[in-house]
Amino acid sequence: MSSDATKAENRRMILAARPQGMVDASTVRLETGPVPEPGPGQALVKVQWLSIDPTIRTWMDDRPGYLPPIALGEVVRGAVLGQVTASNSDAYAPGDMVVGMAGWQDWTLAGEGAHGMQVIPPGLEPGAVLNVFGVNGLTAYWGMLDVGRVQSGDIVVVSGAAGATGSLVGQIAKIKGAAKVVGLAGTPEKCAWITDELGFDAAIDYRTEDVAKALRRHCPQGIDLYFDNVGGEILDICLAQLALRGRIVLCGAISAYNATERPAGPSNVFNLIIKRGRMEGFLVLDYMDRAATAQLELAGWMAEGKIKHREHVVQGLEHAPDALNVLFTGENIGKVIVEV
Ligand SMILES: NC(=O)c1ccc[n+]([C@@H]2O[C@H](COP(=O)([O-])OP(=O)(O)OC[C@H]3O[C@@H](n4cnc5c(N)ncnc54)[C@H](OP(=O)(O)O)[C@@H]3O)[C@@H](O)[C@H]2O)c1
2 MSSDATKAEN RRMILAARPQ GMVDASTVRL ETGPVPEPGP GQALVKVQWL SIDPTIRTWM
62 DDRPGYLPPI ALGEVVRGAV LGQVTASNSD AYAPGDMVVG MAGWQDWTLA GEGAHGMQVI
122 PPGLEPGAVL NVFGVNGLTA YWGMLDVGRV QSGDIVVVSG AAGATGSLVG QIAKIKGAAK
182 VVGLAGTPEK CAWITDELGF DAAIDYRTED VAKALRRHCP QGIDLYFDNV GGEILDICLA
242 QLALRGRIVL CGAISAYNAT ERPAGPSNVF NLIIKRGRME GFLVLDYMDR AATAQLELAG
302 WMAEGKIKHR EHVVQGLEHA PDALNVLFTG ENIGKVIVEV
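The sequence shown begins at 2 in the working numbering and counts up one residue at a time.
Structural data, given as structure tokens:
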């Protein structure tokens, strides 16, 4: 074991109670224990960065989802980036950078009977790994290309547009020849970032503007492709303004993740019939076998300067719950990551 590990303890952020609304001090507790010992076929990994994703909040609820809820007493689940410090496995060498779902803790084991962590090429910055080449990039890429079937000339609208996924969605739409890309975001600073830096054609500050009116102004012929990260009222407004054969990609419904009562459903679904439209949900998990295809193309676009990314960095494992709440208060521009 490395000298680093022998000196250290392992802090683990445990789910202590099911949250009601936002995560608070009673939701989690930090436990300290020994650093795990790698057994045969295993490697020891120092967790360096956490990917903070809205879906972590949904896993904290005790209700059926696409993955089982995080059990009370378990480490909070989440994707991490770390470095191998010792290895008894041919698959990992000390110094390797690895990603996987190791959760909110300082140290973890990878390999046989432990987390299946993937070795990544050296030299990549953490933001690029967890954002563009991670879940958000893959979600934006396959959500636009496979589910939304973005086409040249499309009028595209994306909500959560200054967040990790939405900011990439808008840039991919431009790369694919969208005639217009309109982003919905929650502050003037976010609106300025997506138009001035990322090349969106227009931005709507949904907290201060009349969204229905603004969309009618920006998209007088209707919306060909709406990429929905938020659900709720904004989804309903976009349903009402769909163009003929318009598509809605249901990616996320962040407006409902902290809801304590069942949210009201959209009232404009009937318009899908009138407009012969299509609304389809998807999970990026179903595209993991095609991750490399997306990562290769995203890397090319990044090298050409066509894809920009930004991270909102929170320091310290102990602040991971605050980092999760940032996604719901909207303090982030770009991807929220925690430097452990
Ligand atoms: N289907 C999949 O496989 C998949 C994979 C990854 C992510 N997702 C989903 O994609 C969405 C974005 O995730 P992300 O990781 O990229 O997060 P993010 O967009 O970086 O951060 C979340 C953003 O959501 C906005 N927001 C929060 N509460 C809102 C509300 N009540 N109404 C409208 N906007 C609200 C905030 O921006 P504002 O300041 O603009 O409000 C916040 O910055 C989430 O719904 C997530 O669950 C789905």
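Even glycine gets a Cβ: it sits at the ideal position worked out from N, Cα and C.
Nearest C-alpha to Q119 among E32, W60 and Y93: Y93.
With respect to L328, P55 sits close: the two C-beta atoms are nearer than 8 Å. Judged by beta-carbon spacing, G223 lies within the 8 Å limit of G247, meaning their Cβ atoms are closer than that value.
About 7 Å separates the CB atoms of R12 and Q106; that is less than 8 Å, so the two are in contact.
Counting along the chain, S88 sits inside the beta strand (DSSP E) bounded by residues V81 to S88. In the structure shown, N11 falls within a strand segment according to DSSP collapsed to helix, strand and coil.
8 Å or more divides the Cβ of L125 from the Cβ of A80. At least one heavy atom of ligand 1 sits closer than 7 Å to the Cβ of V337.
Of the other Cβ atoms in all chains shown, fewer than 16 fall within 10 Å of the Cβ of H320; this residue is therefore exposed.
Membership of T294 in any beta strand (DSSP E) is not indicated; the residue belongs instead to the alpha helix (DSSP H) covering A292 to A304.
DSSP, reduced to helix, strand and coil, places D206 within a strand of the structure shown.
Taking a C-beta distance under 8 Å as the contact criterion, H116 and M98 do not qualify as a contact pair. Y67 is positioned such that its CB atom lies no closer than 8 Å to that of L299. 8 Å or more divides the Cβ of M14 from the Cβ of V100. Within the model, the alpha-carbon separation for V158 versus F228 is close to 6 Å. In the structure shown, F329 falls within a helical segment according to DSSP collapsed to helix, strand and coil. Excluding the 5 residues flanking it on each side, P37 has same chain C-beta neighbours closer than 8 Å at N11, L45, W108, T109 and L110, in chain order. Residue environment for D197: exposed (fewer than 16 other C-beta atoms within 10 angstroms of its C-beta).
For P122, there is no enclosing alpha helix (DSSP H), as DSSP gives it neither H nor E. Contact check between the segment 165–185 and the segment 303–312: three or more CB pairs, one atom from each, fall below 8 Å, which counts as touching.
Taken from the Cβ of S256, at least one heavy atom of ligand 1 lies inside 7 Å.
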